[in-house]
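Going by this note's numbering, 53 is the number at position 53 of the sequence shown; the sequence numbering is gapless. Input: a single structure, listed below in structure tokens.
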Amino acid sequence: MALSWPFRFRFPLWWPNAVASRFSLPPQLASALRRLEDIPLWVLLSLVLNGLLFITVLVLFRQAHRPAHGVLSTANAFAADGSPTPVTPPTLGDRRTLDYQQWVALLETEAVAAAQTDLPRQTLLLGDSISLWFPAALLPGRRTWLNQAISGENSSGLLNRLPLLNQNEVESAFIMIGINDLIWGRSETDLTNNLRAIIRYLQAQHPQAQIVVQSILPHSGPAATWEGRDRLLALPLERIVAVNAQFKQIAAETGVDYLDLYPLFVNGEGFLRADLTTDGLHLNANGYLVWRSALALYNETDYGR
1 MALSWPFRFR
11 FPLWWPNAVA
21 SRFSLPPQLA
31 SALRRLEDIP
41 LWVLLSLVLN
51 GLLFITVLVL
61 FRQAHRPAHG
71 VLSTANAFAA
81 DGSPTPVTPP
91 TLGDRRTLDY
101 QQWVALLETE
111 AVAAAQTDLP
121 RQTLLLGDSI
131 SLWFPAALLP
141 GRRTWLNQAI
151 SGENSSGLLN
161 RLPLLNQNEV
171 ESAFIMIGIN
181 DLIWGRSETD
191 LTNNLRAIIR
201 YLQAQHPQAQ
211 IVVQSILPHS
221 GPAATWEGRD
231 RLLALPLERI
241 VAVNAQFKQI
251 AAETGVDYLD
261 LYPLFVNGEG
271 FLRADLTTDG
281 LHLNANGYLV
291 WRSALALYNE
301 TDYGR
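Dropping the structure here:
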């Protein structure tokens, strides 16, 4: 049956009267029911979907503030009941003052601590500042998340520090890398070659691990307020789309999964949605909620474990 949009759904003419008489409804409510027959279906669907979205946000909020039991679900958390408690690493706020080598040393310490305590279901978050600032409480549960991202990271830097994770029993690795390569003028060939090398290294060192390549996200273009706005303006969104297409092909060639987040974050004009970003490049709380929902849905599919 072909439907033209928008189309109008009409309740059977007897339905409002039957309901009103069957349940002895007040006149005002009965009148309201009769008016339903003239409401377009898209309006009813919109109300239902908005209600479901509101309920989803409430559930996510409750989960984010629920104490963890059993398997840890927060990034950089190493102490479980009955396990030795390593030295608590600095908070993310403290880390803003670290240089790159200090970052690498800190992440090595955290990786070693996770390996020594043999935490279950170790899941890596590999990337740059967009991954780094993922709120630990929003990361999907039933996993031990190790946030191994560094602000300003590029694909070469990520590749070079993967040996720090050799001793970890990695179950999954979620990779989001490349935006800094493109912003700072590195070639697409170098970026894609590095991604292949990252995947191959992880496959060699962690042969049982599930590897997920995530798409590079869009930016806000002229609406961006990030300090490097001029560099964003010089980076066409079409180039990001083209690189993502190559990432998808590389994932297929190497036998890993590809998670396309790009459509979730883009607006009608092709830019990063204003309601999901702080400065046109990085994500705000709503942006991380969208990403979190995509990860949670992925984990519940047949592709997740």
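Built from N, CA and C at the ideal position, the CB exists for glycine as well. The model shown is predicted, which means the values in this text are computed figures rather than measured ones.
According to the neighbour-count rule (16 or more other Cβ atoms, all chains shown, within 10 Å of its Cβ), is R200 buried or exposed? exposed
Evaluate contact between the stretch 255-270 and the stretch 208-217, counting only Cβ atoms and requiring at least three cross-stretch pairs below 8 Å. yes
Are three or more beta carbon pairs between the stretch 242-254 and the stretch 185-204 nearer than 8 Å? yes
Quick check on this structure: which residue in A149, R121, A136, T144 has the alpha carbon closest to the alpha carbon of L107? A149
Taking buried to mean at least 16 other C-beta atoms within 10 Å of its own C-beta, is S131 buried or exposed? buried
Cβ neighbours of R231 in the same chain (closer than 6 Å, five flanking residues each side left out): I183
7 Å CB neighbourhood of L261 in its chain, flanking five on each side removed: Q214, S215, L217, W291, A294
Would DSSP call E153 helix, strand or coil? coil
Could you tell me the distance, in whole angstroms, from the CA atom of V104 to the CA atom of A242? 31 Å
Please report the distance separating the alpha-carbon of A75 from that of T123. Confidence at A75 is low in this model, with a pLDDT of 32, below 50, so the placement of that residue should be treated as unreliable; the coordinate-derived value is given next. Each residue's alpha carbon lies about 9 Å from the other.
Please report how far the alpha carbon of L297 lies from the alpha carbon of F174, in whole angstroms. 14 Å
Could you check what DSSP says for D260 in three-state terms: helix, strand or coil? coil
Going residue by residue through the stretch 192-261, where are the continuous alpha helix (DSSP H) segments of at least 4 residues, counting only ones entirely within it? 229-233, 237-254
Cα-Cα separation between A111 and Q102, rounded to whole angstroms: 14 Å
Leaving out five residues on either side along the sequence, give the residues of the same chain with a beta carbon under 7 Å from the beta carbon of L158. L126, I177, I198
As an exercise, report each continuous beta strand (DSSP E) stretch of at least 3 residues that is fully enclosed by the stretch 121-167, in chain order. 122-127, 144-147
Using only the alpha-carbon positions, how far apart do L289 and V170 sit? 25 Å
Helix, strand or coil at S187 [DSSP, three-state]: coil
Give me the Cα-Cα distance between P140 and F134, rounded to the nearest whole angstrom. 11 Å
Excluding the 5 residues preceding and the 5 following N299 in the sequence, name in chain order all residues of the same chain whose CB lies nearer than 7 Å to its CB. P140
Could you pull the start and end residues of the beta strand (DSSP E) that V266 belongs to? Note, V266: premise wrong, no beta strand (DSSP E); not H, not E.
What residue range does the alpha helix (DSSP H) around E300 cover? 285-300
Those residues which DSSP pairs with T117 across a bridge: DSSP lists no partner for T117.
Alpha carbon to alpha carbon, how far is L272 from V310? Give it in angstroms, no decimals. Residue 310 cannot be examined here, being either before or after the span of the chain that is shown, 1 to 305.
Quick check on the DSSP output: the beta strand (DSSP E) that includes A173 runs from which residue to which? 170-176
As a quick exercise: from N154, R142, L138, G221, pick the residue whose alpha carbon is nearest that of G287. L138
To the nearest angstrom, how far is the alpha carbon of L237 from that of D190? 19 Å
Length of the line joining the Cα atoms of T301 and A251: 18 Å
Confirm, please, whether the CB-CB distance from G280 to A224 is below 7 Å. yes
Please list, in chain order, all residues of the same chain as S156 whose beta carbon is under 7 Å from its beta carbon, the five residues on each side excluded. N194
Rounded to whole angstroms, how far is the Cβ of T146 from the Cβ of L202, which I believe are closer than 8 Å? A quick correction: the sequence has Leu, not Thr, at residue 146. Not a contact, Cβ separation roughly 13 Å.
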